[in-house]
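Visitor: Numbering (our numbering), first residue to last: 67 to 253.
Beta carbons are placed, not taken as given, at the ideal position from N, Cα and C, and that holds for glycine.
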């Protein structure tokens, strides 16, 4: 089976069913919209790096007792926010949170966390949609100003924000050192 589904729940379902039937699977991780073919690798899920989707999948598969899974993923670096000019189905950026807003809809069971992120090339909104109350509470505690994340998702012209917004599919907190510039010019 070749799994090229974008959703974590769909991937998990295919992998679990194939595993119970002893059918081999190769699963595509966050490989969409990648330009550098030399950055693609085939590896076991537990030996991957860089890919936020692979990180989420490792966690979910470990919980379910899956000990190995062959995957295709890319080590290509994230793109700069300033290069996002229109709607795109699969992008990866790194961003520092500089603001967080929370919205709990009374019409649906979705809760929306809107992150204001920057990579210092540009800034944008990143929306995280959550249904589970425990997950929402965990994310509300985790998303803090100054934290850096690698975010995989899709960009969409948002009807509420009236601008291009990144809708997160998966995220991983990263450590990032920032260089500072000191103004030494005489006044």
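Would you say residue 91 and residue 110 are within 9 Å of each other, going by their C-beta atoms?
Guide: Cβ atoms of residue 91 and residue 110: not closer than 9 Å.
Visitor: At which residues does the beta strand (DSSP E) containing residue 168 begin and terminate?
Guide: Element bounds for residue 168: 154-170.
Visitor: Going by the CB atoms, is the gap between residue 150 and residue 163 shorter than 9 Å?
Guide: No; because the gap between Cβ atoms is not below 9 Å, this pair is not in contact.
Visitor: Measure the alpha-carbon distance for residue 145 versus residue 189 and round it to whole angstroms.
Guide: Near 13 Å, if we compare the C-alpha coordinates of residue 189 and residue 145.
Visitor: Which residues bound the alpha helix (DSSP H) around residue 82?
Guide: Where residue 82 is concerned, the enclosing alpha helix (DSSP H) stretches over 74-86.
Visitor: Give me whichever residues DSSP pairs with residue 216 in a beta bridge.
Guide: Answer is 160 and 238.
Visitor: Taking the alpha carbon of residue 102 as the reference point, which residue from 141, 121 and 147 has its own alpha carbon closest?
Guide: It is 141.
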